[in-house]
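Below: the structure, in structure tokens.
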């Protein structure tokens, strides 16, 4: 189960059938072959997904496990919501979290040295979260990144089956696995071309039932909430205030041994801070964000974020902030105009090879946005 599912996306991306000699769970085989593969291939041709065949033997034997209840944890908003909701707040003992899983599967390149360093750093935070919440941390390093193309479209957009591979590898431990949703249910679509800047998490309500086996059940959490509502839900819990980590710098070439876990300048940091500011909870997170700098010129930072973080996360922000009683200054619109012009100029200049070299050589991507994309290593 673990090996087939871990390689499923790259196999579909390349049009390879998967042959296996060890048996696969019968229910999983049937659901993936007859429902998941044809549907994802049909609606995501733009992302190179092709219909393939799984070839091998199956077995409907139930795997005896310790009946642990686990979820993947990155210390981000979505995963911490699951920790709080189904760990600290859950009264149903059968479905209450017992384990936090930290895996190296989520990566933006195949730089093994960086992946190892990032995994160790994130796993350190997850162990702290587990200790604070009375749960058990499980670290799972894997080499799945060696089988995916970089740069790529498939894995970065359709990744749930790859993440789920870790749960299958732990079936002797786990009987229930929570997958934290990235988007609310109203954004559901099987066609990523209609996902408005989101990724394959928008169809996890389809994917996860296809991933259930005779031995393990997958559930999706947080479908009823927006990202802002999730932040409000976790904002009063010390574990979130102490360990919330949303910054993308570690996953984009940043040196995790030198950089803070939240740069407070990139679009993910600004998004999170803007949401917390809107619900009146930003001051709770002074340990993980530069709250003082953000509040010293809140109009500037929100204006910048609304330009660089287009799509579902920025849409309707001002109306939502007003709903929570936050006064929104017209100065935000001035900064939005300024950064929009700046972004247009930046994109045009970036087409020049010499300009790109200077841009990345001076580390301007990080200095301006707290972000390093994959091109950084080509020009540094």
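In my numbering, the protein residues as written are 516 to 895. By construction, the Cβ of each residue, glycine as well, lies at the ideal position given by its N, Cα and C atoms. Predicted, not measured: the structure shown is a model, and the values here were computed from it.
Coarse secondary structure for residue i, derived from DSSP in three states
i           : result
residue 523 : helix
residue 540 : strand
residue 849 : helix
residue 515 : Only positions 516 to 895 of the chain appear in the structure, and residue 515 is not among them; the question remains open.
residue 811 : helix
residue 701 : helix
residue 716 : helix
residue 827 : coil
residue 691 : strand
residue 773 : With a pLDDT of 43 at residue 773, under the threshold of 50, the modelled position of this residue cannot be trusted, and the question is left open.
residue 722 : helix
residue 766 : Caution applies to residue 766, whose pLDDT of 47 falls short of 50 and renders its modelled position unreliable; the value that the coordinates give is listed next. Residue 766: helix per DSSP, three-state reduction.
residue 791 : helix
residue 731 : coil
residue 858 : helix
residue 707 : helix
residue 797 : helix
residue 749 : helix
residue 740 : coil
Chain-order list of residues whose beta-carbon lies under 8 Å from that of residue i (same chain, five-residue window excluded)
i           : result
residue 601 : 584, 586, 610, 611, 612, 693, 736
residue 477 : A question about residue 477 goes unanswered here, because the residues of the chain that appear run from 516 up to 895.
residue 848 : 818
residue 793 : 743, 832, 835, 836, 839, 841
Alpha-carbon spacing of residue i relative to residue j, whole angstroms
i           : j           : result
residue 758 : residue 738 : 23 Å
residue 629 : residue 534 : 31 Å
residue 769 : residue 787 : With a pLDDT of 43 at residue 769, under the threshold of 50, the modelled position of this residue cannot be trusted; read the value that follows with caution. The alpha-carbon atoms of residue 769 and residue 787 are separated by roughly 19 Å.
residue 830 : residue 753 : 29 Å
residue 832 : residue 654 : 36 Å
residue 864 : residue 875 : 13 Å
residue 625 : residue 840 : 45 Å
residue 517 : residue 614 : 19 Å
residue 899 : residue 682 : Summary: the structure shown does not reach residue 899, with the chain confined to residues 516 through 895, and so no result is reported for it.
residue 858 : residue 780 : 15 Å
residue 810 : residue 672 : 34 Å
residue 823 : residue 782 : 6 Å
residue 706 : residue 559 : 6 Å
residue 701 : residue 536 : 40 Å
residue 690 : residue 526 : 27 Å
residue 580 : residue 557 : 36 Å
residue 854 : residue 619 : 35 Å
residue 816 : residue 845 : 13 Å
residue 575 : residue 687 : 15 Å
residue 827 : residue 740 : 13 Å
residue 804 : residue 704 : 34 Å
residue 760 : residue 684 : 26 Å
residue 698 : residue 732 : 21 Å
Cβ shell of residue i (< 6 Å), same chain only, five flanking positions each side left out
i           : result
residue 523 : 676
residue 561 : 708
Cβ separation of residue i and residue j, assumed to be a contact under 8 Å, to the nearest whole Å
i           : j           : result
residue 564 : residue 555 : 5 Å
residue 725 : residue 550 : 5 Å
residue 542 : residue 728 : 5 Å
residue 553 : residue 540 : That belief does not hold up - the Cβ atoms of residue 553 and residue 540 are roughly 19 Å apart, past 8 Å.
residue 674 : residue 715 : 6 Å
residue 568 : residue 532 : 4 Å
Contact set for residue i: own chain, Cβ-Cβ below 7 Å, skip 5 residues either direction
i           : result
residue 791 : 746, 750, 797, 800
residue 851 : 818, 821, 822
residue 814 : 844, 846, 847, 850
Any non-hydrogen atom of the ligand FMN closer than 8 Å to residue i Cβ
i           : result
residue 552 : Looking for the ligand FMN in the displayed structure turns up nothing, as the structure carries no ligands at all.
* **beta strand (DSSP E) runs wholly inside the region 571-619, at least 3 long, in chain order** => Complete beta strand (DSSP E) runs here, min 3: 583-587, 614-618.
* Asked: Mind pulling the alpha helix (DSSP H) runs of 4 or more residues that sit fully within the region 629-684?
  -> Whole alpha helix (DSSP H) segments, 4+ residues: 669-672, 675-684.
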